[in-house]
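Numbering of the sequence shown is given in this note's numbering, commencing with residue 1 and proceeding in unit increments.
Just so you know, even glycine gets a beta-carbon here, dropped at the ideal spot from N, CA and C.
Heads up: the structure comes next, in structure tokens.
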Amino acid sequence: MKLIAWAKSDTGMQRDHNEDSFLVDEEVGLFAVADGMGGHRGGATASRLVLEVLQEQLASVNGDIDVVAKKWTSKAESTKIIARAEMLSEAITLDSSWRDQFERAPTAPLGIPAVDPAATTVIRAAAAEAGAAVYRASRDDHDLRGMGTTLTAMFYYDGRMHLVHAGDSRAYLFRDDTLEQITDDHSWIAEQVRRGKMSEEEALASNLRHVITRSVGFESKVELDAEMISVQPGDCFLLCSDGMSNYITNPEIERLMRTTWHSQVPERFIALANQRGGDDNITVVVVQVANDTDDEPSLDESLDDEPTEAAHVVAKAQAIEDADTDGVDEAAVAAAAADSDDEAEAEAEAAGDDGKDRGGE
């Protein structure tokens, strides 16, 4: 399998600078979004630095995942045991029982369960080092004090996507015309919704929706969620900052993914978020999983990987029907439908035919 990616970042309608950063490295199989915070200079520096270090760490692996994972595990394990021994020596009387605790301790670093696959261990350790680099830069430069960033990153290896996450940037999987949100937001609003203290509608309208509860770089240690997903041809992963997800609901994302060429998703979603207010920076990364072939696909083969005209018409009709019953934004659906009609008409003209007749209208 091979990965094809498209990405775009935009300042938005109300900000004068962009603190978001994104990473697309198809060769390494690494894709990420980071949303920085910490003032005019700090936020942009944090998001850029965390991705630069993450890329350097993963690029240095050179495919030796198992070897590197073992090396990084041993290094982190030694550090943990020394620190824990010093703590216990001050707290308890040394006897054979504390040695047994060490022998039974997991051998994975940074709180990672020992059963984690090597690639997951590697990306978590790399992300932790990237976060530590942001923390050190903040500590050493007065102008950067207090900077931090969200991080949502994916690393493809051996048929699986390994994901790490901190903050409220998101990762989605679009498979078989169905959207699944992979990550949970680390934000005060999201916690209220999960506890049943606030509805989704109240969350979208809240002035506190930008308050996050976990990030990278504010502290020397990084707490990261991790996921591992087996991928298959046709899968499409979507990464975004909250500048997009605050304006486009998950049902809308799903419906628009059905009616939008994946190469056009970043631009389409950014335009919609800006149309609805654009009060934050907006970043979108799309990663398509395709069959791995030696030769570049022909034009016809490339079109087969995208929604067909018939699929656009069916999705358009379904989206309009759902909009009447589910309260989905009709302007968004209409915009996607209009673009489908334009694309169908252009294709028909190229074939010397009438687009309206081919569209069944």
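### Message
Buried or exposed, going by whether 16 or more other CB atoms sit within 10 Å of the CB of ARG268?
### Response
The residue labelled residue 268 in the question sits at position 268 within the sequence shown. Burial call: buried.
#### Entry: Alpha-carbon spacing of ASP20 relative to THR11, whole angstroms
Looking up residue 20 in the sequence shown gives position 20. Looking up residue 11 in the sequence shown gives position 11. Looking at the two C-alpha atoms, the distance is approximately 8 Å.
### Query
So ALA137 packs on LEU144, CB below 8 Å; how close in whole Å?
By one-based count along the sequence shown, residue 137 stands at place 137. By one-based count along the sequence shown, residue 144 stands at place 144. So it is a contact: roughly 6 Å between Cβ atoms.
### Message
Is the beta carbon of MET147 closer than 9 Å to that of GLY217?
### Response
Taking the sequence shown and counting its residues from 1, the one referred to as residue 217 is at position 217. Taking the sequence shown and counting its residues from 1, the one referred to as residue 147 is at position 147. In contact: GLY217 and MET147 (Cβ atoms closer than 9 Å).
### Query
If you check the beta carbons only, do THR381 and ILE212 fall under 9 Å apart?
Shown here, the chain extends from 1 to 361; a query on residue 381 therefore has no answer.
### Query
Bridge partners of PHE181, per DSSP?
The sequence position of residue 181 within the sequence shown is 181, counting from 1. According to the sequence displayed, residue 181 carries Gln and not Phe. Beta-bridge pairing links GLN181 to TYR172.
### Query
Which class does LEU239 belong to by DSSP, given the choice of helix, strand or coil?
As a working note, residue 239 is residue 239 in the sequence shown. Looking at LEU239 - three-state DSSP - the assignment turns out to be strand.
#### Entry: Exposure label - ASP185; buried when at least 16 CB within 10 Å
Here residue 185 is taken as the residue at index 185 of the sequence shown, counted from 1. Result: buried.
### Query
Does the stretch 257-276 come close enough to the stretch 190-203 that 3 or more CB-CB pairs lie under 8 Å?
Touching, no, given that fewer than three Cβ pairs across the two stretches are closer than 8 Å.
### Query
Are the CB atoms of ARG15 and ASN250 nearer to each other than 9 Å?
Taking the sequence shown and counting its residues from 1, the one referred to as residue 15 is at position 15. Taking the sequence shown and counting its residues from 1, the one referred to as residue 250 is at position 250. Note that the C-beta distance between ARG15 and ASN250 is not below 9 Å.
### Query
What separation, rounded to the nearest whole angstrom, lies between the Cα atoms of ILE229 and PHE155?
As a first step, residue 229 must be located in the sequence shown, where it is residue number 229. As a first step, residue 155 must be located in the sequence shown, where it is residue number 155. Going by the C-alpha atoms only, they are around 10 Å apart.
### Message
Helix, strand or coil, according to DSSP, for HIS162 in the structure here?
### Response
Sequence index remark: in the sequence shown, residue 162 carries index 162 (1-based). Here HIS162 carries a strand assignment [DSSP, helix/strand/coil].
### Task
To the nearest angstrom, report how far apart ASP25 and GLN275 are at their CA atoms.
Walking along the sequence shown from the start, residue 25 turns up at place 25. Walking along the sequence shown from the start, residue 275 turns up at place 275. In this structure, the straight-line span from the alpha carbon of ASP25 to that of GLN275 is close to 30 Å.
### Exposure label - SER60; buried when at least 16 CB within 10 Å
Mapped onto the sequence shown, residue 60 falls at position 60. Under a 10 Å Cβ-count criterion, SER60 is classified as exposed, with fewer than 16 other Cβ atoms of the shown protein chains found around its own Cβ.
#### Entry: Straight-line gap, VAL164 to TYR247 (C-alpha atoms, nearest Å)
Position 164 of the sequence shown, counted from the first residue, corresponds to residue 164. Position 247 of the sequence shown, counted from the first residue, corresponds to residue 247. Taking the straight line joining both Cα atoms gives about 24 Å.
### Task
Grab me the residues of TYR135's own chain with a C-beta within less than 6 Å of its C-beta, minus the 5 sequence neighbours each way, in chain order.
Translated into the one-based positions of the sequence shown, residue 135 becomes position 135. Beyond the five residues adjoining it in sequence on each side, TYR135 comes within less than 6 Å, by CB distance, of GLY217, SER220 in the same chain, given in chain order.
### Query
What distance in whole Å lies between the Cβ atoms of ARG160 and ALA226, which are believed to be in contact at a cut-off of 8 Å?
As a first step, residue 226 must be located in the sequence shown, where it is residue number 226. As a first step, residue 160 must be located in the sequence shown, where it is residue number 160. The Cβ separation is near 12 Å, so there is no contact.
### Message
If we require 3 or more residues per run, which beta strand (DSSP E) segments fall completely within the stretch 183-251?
### Response
If we require 3 residues or more, the beta strand (DSSP E) runs fully inside the stretch 183-251 come out as 225-230, 236-240.
### Span of the beta strand (DSSP E), counted from its first residue to its last, around ASP35
For the purposes of this step, residue 35 is identified with residue 35 of the sequence shown, where counting begins at 1. That run of the beta strand (DSSP E) goes 30-37.
### Message
Check for me: the alpha helix (DSSP H) holding THR121 runs from which residue to which?
### Response
Position 121 of the sequence shown, counted from the start, is the residue given in the question as residue 121. From DSSP, the alpha helix (DSSP H) with THR121 extends over 118-140.
### Task
Give the single residue among ASP168, VAL286, ASP242 whose Cα lies nearest to the Cα of SER263.
Against the sequence shown, residue 263 aligns to sequence position 263. For SER263, the nearest C-alpha among the options comes from VAL286.
### Query
In chain order, what residues of the same chain lie with their CB nearer than 6 Å to the CB of GLU254, ignoring the 5 residues before and after it?
Walking along the sequence shown from the start, residue 254 turns up at place 254. Close CB contacts of GLU254 within its chain, under the 6 Å cut and outside five residues either way in sequence, are with LEU179 (chain order).
### Query
Is DSSP giving GLY12 helix, strand or coil here?
Translated into positions along the sequence shown, residue 12 becomes position 12. If DSSP states are grouped into helix, strand and coil, GLY12 belongs with coil.
### Query
If we call anything under 9 Å between Cβ atoms a contact, is VAL33 one with SER169?
In the sequence shown, the residue the question calls residue 33 occupies position 33. In the sequence shown, the residue the question calls residue 169 occupies position 169. Their beta carbons are under 9 Å apart, which means VAL33 touches SER169 by this criterion.
### Through-space distance from LEU208 to TRP188, alpha-carbon basis
Start at 1 with the first residue of the sequence shown, and residue 188 comes out as number 188. Start at 1 with the first residue of the sequence shown, and residue 208 comes out as number 208. Their Cα atoms are separated by approximately 8 Å.
### Task
Please check the pair TYR157 and ILE65, which I expect to be a contact at CB under 8 Å, by giving their CB distance rounded to whole angstroms.
Here residue 157 is taken as the residue at index 157 of the sequence shown, counted from 1. Here residue 65 is taken as the residue at index 65 of the sequence shown, counted from 1. In this structure TYR157 touches ILE65 by the C-beta definition: roughly 6 Å separates them, less than 8 Å.
### Task
Since I believe ASP35 is in contact with SER241 (beta carbons under 8 Å), could you give me their beta-carbon distance rounded to a whole number of angstroms?
The residue given as residue 241 occupies position 241 in the sequence shown. The residue given as residue 35 occupies position 35 in the sequence shown. Indeed they touch by this definition, with Cβ atoms about 4 Å apart.
### Query
So, are the CB atoms of GLY278 and MET13 less than 9 Å apart?
Here residue 278 is taken as the residue at index 278 of the sequence shown, counted from 1. Here residue 13 is taken as the residue at index 13 of the sequence shown, counted from 1. Yes. Within cutoff.
### Inter-residue spacing [alpha-carbon to alpha-carbon] between HIS162 and ALA119
Position 162 of the sequence shown, counting from 1, holds the residue named residue 162. Position 119 of the sequence shown, counting from 1, holds the residue named residue 119. So the two alpha carbons sit approximately 7 Å from each other.
### Task
Look at ALA128 and VAL222 and say whether their C-beta atoms are less than 9 Å apart.
Counting from 1 along the sequence shown, the entry for residue 128 is found at position 128. Counting from 1 along the sequence shown, the entry for residue 222 is found at position 222. Between ALA128 and VAL222, the C-beta spacing is below 9 Å.
### Query
How many Å lie between GLY167 and THR183 at the Cα?
Locating residue 167 in the sequence shown gives position 167, where the first residue counts as 1. Locating residue 183 in the sequence shown gives position 183, where the first residue counts as 1. Whole-angstrom Cα-Cα distance: 10 Å.
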